[in-house]
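For reference, the structure discussed in these notes is given below.
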Amino acid sequence: MSRLDFEDVTVRYGHHTVLDGVSLSVPAHQIMGLVGESGSGKSTLARAAVGLAPLASGRVLLDGQPVRHQGRRRPIQMVFQDPFSSLDPRMSIGRSIAEALPERLRRAPQRAEIARLLELVHLDPGRAADSPGRLSGGQRQRVAIARALAGRPDVVLADEITSALDVSVQGAILNLVREMQRETGLTVLFISHNLAVVRYVATHVAVMAGGRIVEQGPTAEVFSGPASDYTRELLASIPGPAGGDVRQRSPESGANHDN
Amino acid sequence: MRRHRPEVLRTPVGIVGVTLLTVLVLLAVLAPLLWGDRATATNTGNMLAGPSPEHWAGTDNLGRDILFRTLVATRLSLVLTLVATTLGVGLGLLLGLAPLLLPQRLGRLVVAFVNVLLGFPSLLMVLFLAVILGVSTTSALLAIGIAIAPPFARLVHALGAGVTERDFVAAARIAGVPPARIMVRHVLPNVAEPLVVNATVTASSVLLAFGGLSFLGIGVQAPQYDWGRLMQDGLAIIYDNPLAALAPGIAFVLTGLAFNLTGEAAAGTFGAKSRSRMRWPAPASPRPGTRDDADLAADRDGLVLDVRDLAVTFPGPDGPIPPVRGVSIALRAGEAVGVVGESGSGKSMTALAVAQLVEEPGRVTAERLAFCATDLRSGRRAAHDALLGTSLAVVFQDPMTSLNPVLRVGTQLGEAARRHQGLTRRQASARAADRLRAVHLAEPERRLRQYPHEFSGGMRQRAMIAMGLMGTPRLIVADEPTTALDMTVQRQVLDVLQEVRREHGTALLLISHDVSVVSSVCDRVLVMYAGRIVEDLPSADLHTQARHPYTRALIGAVPDMTTDLDAPLATIAGQPVDPRHVPDGCAFAARCPLVTDRCRQEEPTLQAGPVGAVACWHVDDPIPAETEEVAVG
Chain A
1 MSRLDFEDVT
11 VRYGHHTVLD
21 GVSLSVPAHQ
31 IMGLVGESGS
41 GKSTLARAAV
51 GLAPLASGRV
61 LLDGQPVRHQ
71 GRRRPIQMVF
81 QDPFSSLDPR
91 MSIGRSIAEA
101 LPERLRRAPQ
111 RAEIARLLEL
121 VHLDPGRAAD
131 SPGRLSGGQR
141 QRVAIARALA
151 GRPDVVLADE
161 ITSALDVSVQ
171 GAILNLVREM
181 QRETGLTVLF
191 ISHNLAVVRY
201 VATHVAVMAG
211 GRIVEQGPTA
221 EVFSGPASDY
231 TRELLASIPG
241 PAGGDVRQRS
251 PESGANHDN
Chain B
1 MRRHRPEVLR
11 TPVGIVGVTL
21 LTVLVLLAVL
31 APLLWGDRAT
41 ATNTGNMLAG
51 PSPEHWAGTD
61 NLGRDILFRT
71 LVATRLSLVL
81 TLVATTLGVG
91 LGLLLGLAPL
101 LLPQRLGRLV
111 VAFVNVLLGF
121 PSLLMVLFLA
131 VILGVSTTSA
141 LLAIGIAIAP
151 PFARLVHALG
161 AGVTERDFVA
171 AARIAGVPPA
181 RIMVRHVLPN
191 VAEPLVVNAT
201 VTASSVLLAF
211 GGLSFLGIGV
221 QAPQYDWGRL
231 MQDGLAIIYD
241 NPLAALAPGI
251 AFVLTGLAFN
261 LTGEAAAGTF
271 GAKSRSRMRW
281 PAPASPRPGT
291 RDDADLAADR
301 DGLVLDVRDL
311 AVTFPGPDGP
321 IPPVRGVSIA
331 LRAGEAVGVV
341 GESGSGKSMT
351 ALAVAQLVEE
361 PGRVTAERLA
371 FCATDLRSGR
381 RAAHDALLGT
391 SLAVVFQDPM
401 TSLNPVLRVG
411 TQLGEAARRH
421 QGLTRRQASA
431 RAADRLRAVH
441 LAEPERRLRQ
451 YPHEFSGGMR
461 QRAMIAMGLM
471 GTPRLIVADE
481 PTTALDMTVQ
491 RQVLDVLQEV
501 RREHGTALLL
511 ISHDVSVVSS
521 VCDRVLVMYA
531 GRIVEDLPSA
541 DLHTQARHPY
551 TRALIGAVPD
561 MTTDLDAPLA
571 TIAGQPVDPR
581 HVPDGCAFAA
591 RCPLVTDRCR
601 QEEPTLQAGP
611 VGAVACWHVD
621 DPIPAETEEV
631 AVG
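Each protein sequence line maps, in turn, to chains A and B. Going by UniProt numbering, the residue at position 140 of the first sequence is 140; the numbering climbs one at a time, nothing skipped. Going by UniProt numbering, the residue at position 244 of the second sequence is 244; the numbering climbs one at a time, nothing skipped.
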């Protein structure tokens, strides 16, 4: 099991409360989407889980145990939004991945492990010596995913990992996330402002606004029969014909859900 | 850094600097070996002599040859300079990195300490420390090293803090890399370049500082001698033999130059690179004729924007780079046309060219470029500005950078109206309030008195649209107007754009990477790839009638609220075309599942079809089912 629980987590920067008593349970071996607008606290929640944001109160639990932020093996790994900032430009991608390996390996096994991880994210293992500057945005994001997997985590936090990418690349990364999760049984918290993307990758979804969770549940239920006004507003603002469809469809399917 | 090193030698400044430095190092190594004896050989019979064939710079008060002494002193002067610089740089690194490693409160204390030290002039610090530490070479070394540390520490801290905020440092922390190792592995390599440059320049001031101390008698002590001491000795006899003081003086100047020029050249290569090597092809292509103006004139009546064969080129190191290669767009009053494509497809550059905003050294050419029936390629620039100022509105992606942060929103809105429409301040303000109301901003009068930072992103974007509406625009060019905005705000901004279109019959050219945004607002969609339009079709037919394989893949790659959850998303193999190397034939060939030899050789042109136009040799072929995911992206 690898269930990630946020218990009444509050994060303050100065007098500004970014997270206001957030309780959220990310089910084990599932992808949970976290949607909300900028400033709603989505990223801070992820950063709190890996110790990058200080908790004013509350706890982050992994399978009921408080998450440790010391030592070599870190059970929670994170993939960042901007693949141009998340890889050290002075380091080959192989070394970046090697750095996240939980134990020190000899040369040959380490190289084999890096090759395995690169293959896992569909990159040519021969490129391990390349610097990030020679990779496209989508390829860099694949390396960042490989690095996160290198730590053999139980939980991966994906913070807007496709929003800095071109639409043509976004599809490939989303496919990769789903495939990765299916193969490794990871628990994933998938943060995105794009509801259609979350609907596609996530089995569960939580909606955040103003530092609080306003709604959570299985994706299909939340999107077809939103309980909160805020979720309804989010769904209504999806552009394009699909957004219109949802608006027309939602009352009906909501009724089904009530039955 | 390795790849920069030859660059240092490409500029005259760099060549001179590095050559001087090499000569000095050679002197420092060889001079004491070759001429050490002659520099210390006293000759009481020939004291304080002027220049002569035996002693080119004369002799000192013990009859020693001044030229040889100056040459031999190179070693001590350079060594002391380097040791003091190393000491200062090392101390600076420690003090600069400490706040990033220590607990927050302790770190702040270190920063405060460095700031206090920075308050003292460094020369004063040097003298103060040199006197306190006692008169010896070592104490002079320490004094200078300590004095140059604070400014260096400040630089290290500022640069280092910038790097530690980046995501790769966060990633390393999450991976469990200890803080000290993060500093060595991630932070230092990424700040090394400016630090090296700064250290080189610091070295030349250390040289001078050390010389100064020796000159004052609190630096190097006899019988040792450096250039500072030689200068002091020479000064006593400057009226009898000026060269006695000038020789070490010249040594100072040359060494200082060597350090500064090398640093300068290094700074130049680290910063803006190879600006001088961009080049244009020798003859610019001749301006195309206007052969079809007459016969098509009737058809063009009522066109707000009429662009034919628009091309934008930038100079590059290997010849011109064409981000836009022959784009034609015609827009009627009230019509909304969207342009979609990946980054690098030339869509934004097309928008900029239409708005006459392509900056030097970019060049815009077109067979026809007419806005409201005025040819923008010829005629007076001022006349165009007046027309564009009142009839064209441009909305950019980032509303924060397109509003001036230090001016009130009202002032910025009123500026164009006062300039182009001759309104008074009061009239302009009234109109601005009215326009803000038109874009649904509450309390417009109060909003006008506020600064851009008091607005949210969506409000700023609506203020930008309001600014465009100060006149009565015939065309709004919006380049990714909602990309930086939240979903709910995006809806509001798109609604405002639609409203303007309906009420004023304004045409809209909407650039976006988001197919769903474009298809929800626009009548027609132009799909761009590698600087060309590859498909032009009504947005209602986008999901059903798209015929170009690129368009079809682009739509399949983006999930919407009806996407099949069990099937993988469509992917587009390979990389977008680099505008520097546009291939022959169809630019999409390398990524296309339908590619044939013909595609690689002949470039398809836009051909009208039943619902639009498409540039592809295989428009009606079915796309083969995807066999496996492709290992590039």
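No residue lacks a Cβ here, since even glycine has one placed at the ideal position from N, Cα and C.
- Contact annotation: A546(B) and A570(B) have beta-carbon atoms that are not nearer than 9 Å.
- At a Cβ-Cβ threshold of 9 Å, L76(B) and G145(B) do not count as neighbours.
- Under the Cβ criterion of 9 Å, I76(A) is counted among the residues facing chain B.
- Under the Cβ distance rule, S23(A) does not count among the residues neighbouring chain B, no pair being separated by less than 9 Å.
- Those residues of the region 130–158 of chain B placed with their C-beta closer than 9 Å to a C-beta in chain A do not exist.
- A466(B) places its beta carbon 9 Å or farther from that of L509(B).
- Boundaries for D167(B): no beta strand (DSSP E) harbours it, while the alpha helix (DSSP H) harbouring it runs D167 to I174, taken from the DSSP string.
- One thing to note: D130(A) has its Cβ no nearer than 9 Å to the Cβ of S43(A).
- Below 8 Å, enough C-beta pairs join the region 481–501 of chain B and the region 445–460 of chain B to call them touching: three or more.
- Contacts with chain A at 9 Å (Cβ-Cβ) include D514(B).
- Residue burial annotation: D37(B) is exposed, with fewer than 16 other C-beta atoms found within 10 angstroms of its C-beta.
- Look at V364(B) here: in three-state DSSP terms it is strand.
- Beta-bridge partners assigned by DSSP to Y451(B): none are found.
- Fewer than three beta-carbon pairs drawn from the region 225–238 of chain B and the region 175–184 of chain B are found closer than 8 Å, and the two stretches are therefore not classed as touching.
- With contacts defined as CB atoms closer than 9 Å, V307(B) and V358(B) fail to qualify as a contacting pair.
- For F210(B), the number of other beta carbons within 10 angstroms of its own is at least 16, and it is reported as buried.
- 9 Å or more divides the Cβ of M91(A) from the Cβ of A202(A).
- Among the CB atoms of chain B, one or more fall inside 9 Å of the CB of A236(A).
- S520(B): member of the alpha helix (DSSP H) spanning V515 to V521, first to last residue.
- For H204(A), the beta-bridge partners assigned by DSSP are M32(A) and P218(A).
- Distance from E342(B) to H513(B) at the Cβ level is roughly 7 Å; contact confirmed, criterion being Cβ atoms closer than 8 Å.
- Relative to Q397(B), the option among A573(B), A432(B) and R462(B) whose CA is nearest is R462(B).
- When the Cα atoms are used, A244(B) and V23(B) turn out to be separated by approximately 22 Å.
- Rounded to whole angstroms, G609(B) and H420(B) show a C-alpha spacing of 43 Å.
- Residues are counted here when their Cβ sits less than 7 Å from a Cβ of chain A; for the region 192–204 of chain B the count is zero.
- In this chain, the beta strand (DSSP E) harbouring H16(A) covers H16 to V26.
- Interface residue (Cβ-Cβ distance to chain A less than 9 Å): I476(B) is not classified as such.
- Of all C-beta pairs linking the region 53–66 of chain B to the region 113–130 of chain B, fewer than three are shorter than 8 Å, placing the two stretches out of contact.
- The C-beta distance from A355(B) to V394(B) rounds to 5 Å, short enough to fall under 8 Å.
- In the three-state DSSP reduction, T137(B) falls in the helix class (H, G or I).
- DSSP places I173(A) in the helix class (H, G or I) of the three-state scheme.
- Look at R381(B) here: in three-state DSSP terms it is helix.
- G151(A) reaches chain B at A175, counting residues in chain order whose Cβ is nearer than 7 Å.
- A residue is called buried when at least 16 other Cβ atoms come within 10 angstroms of its Cβ; H453(B) does not meet this threshold and is exposed.
- Within chain A, the residues R90 have their CB atoms less than 7 Å from the CB of P189(B), given in chain order.
- Annotated three-state conformation of V337(B) is strand, per DSSP.
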